[in-house]
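Right, one structure below, let's go through it.
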Amino acid sequence: MASSVTSSPSSRVRSALLNAAYDAAVSGDWARTRMADVARAAGVSRQTLYNEFGSKDALAQAMAMREVERFIAGTEAALDEANADDPITAVGAAALYTLQQAADNPLLKAALLDEQGGLLSFLTSRGEPAMKAARDSFERYYATHWPQLSADDIAVAAETITRLTISYVVMPGDVPAETIAHSLAALAKKLLRKDR
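Shown next, in the form of structure tokens:
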């Protein structure tokens with residue numbers, strides 16, 4: 033009998049397709065990549081790829097969301113490891129982790145450099161699914177760890193901090209990540225009413 037932790041054939045195919053798409057994107061060749069190229073690299077038929085994702089755009093969205101989910105999981109693990117005893121310190125730790133990881137992320141680098149590929153839009157003009165996933169993670173984490181905070185304050189902080197963090201990720205500048213994280217923590221202090 034197969035173990036329950038063994039992935040299903042469908043999830044293995046999906047993962048192989050997303051891996052093949054990822055490899056094409058980080059090579060800087062996403063604009064010229066055809067669905068047939070992705071299917072070939074994953075070892076499946078083009079029809080299987082279309083059955084799974086429907087279009088190149090949907091494939092790109094799924095690839096972007098998988099990367100966002102990895103960021104979120106990493107951020108939550110970093111928060112647990114930092115063992116922050118207050119939400120303000122936690123915002124700083126989460127922002128610092130995200131900014132440092134983003135600076136070295138191959139898919140994000142490719143999206144920033146490959147203007148023709150259109151991948152950056154999944155964090156900007158078409159970035160609502162990514163934004164929602166990050167906001168939901170923020171709200172869940174803070175409501176669970178600091179239940180005394182107002183749900184409305186958490187929601188406003190989640191929206192604001194997430195949007196600002198993503199803007200720093202997609203338009204990196206010369207300000208050190210530590211300085212940005214400190215500024216976001218200071219903003220969180222106001223948004224979460226810790227200074228009132």
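Numbered according to the numbering used here, the sequence shown spans residues 33 to 228.
A virtual CB, placed ideally from N, CA and C, is assigned to each residue, including glycine.
The structure displayed is predicted, hence computed values, not measured ones.
Point to revise | Proximity of Leu91 and Ala74 at Cβ, strictly below 7 Å | key: no
Review point. How should Glu147 be labelled, buried or exposed, when 16 other C-beta atoms within 10 angstroms of its C-beta is the threshold for buried?
Key: Per the 10 Å Cβ criterion, exposed.
Check your understanding: Arg158: which of Ala57, Ser215, Asp89, Arg46 sits nearest, CA to CA?
Key -> Asp89
Practice item. Quick one: grab the DSSP three-state call for Thr107. Key: DSSP places Thr107 in helix when its eight states are reduced to three.
Point to revise | the stretch 96–110 touching the stretch 161–172, judged by at least three CB pairs closer than 8 Å | key: yes
Practice item. Go through its chain and collect everything with a Cβ distance to Thr192's Cβ below 8 Å, but skip five positions before and after it. Key: Leu219, Leu223
Review point. If Leu81 and Ala71 are in contact, beta carbons under 8 Å, what's the gap, nearest whole angstrom?
Key: 4 Å
Check your understanding: Thr156 by DSSP, collapsed to three states: which one?
Key -> coil
Check your understanding: At what residues does the alpha helix (DSSP H) containing Pro138 begin and finish?
Key -> Annotation: the continuous alpha helix (DSSP H) that includes Pro138 extends over 138–145.
Point to revise | Nearest candidate by alpha-carbon position, reference Arg66, set Ala189, Ser59, Lys221, Ala53 | key: Comparing Cα-Cα distances from Arg66 to each of Ala189, Ser59, Lys221, Ala53, the minimum goes to Ala53.
Exercise for review: Give me the Cβ distance between Leu145 and Gly86, rounded to the nearest whole Å; I'm assuming they're in contact under 8 Å.
Suggested key: About 27 Å separates the two Cβ atoms, so there is no contact after all.
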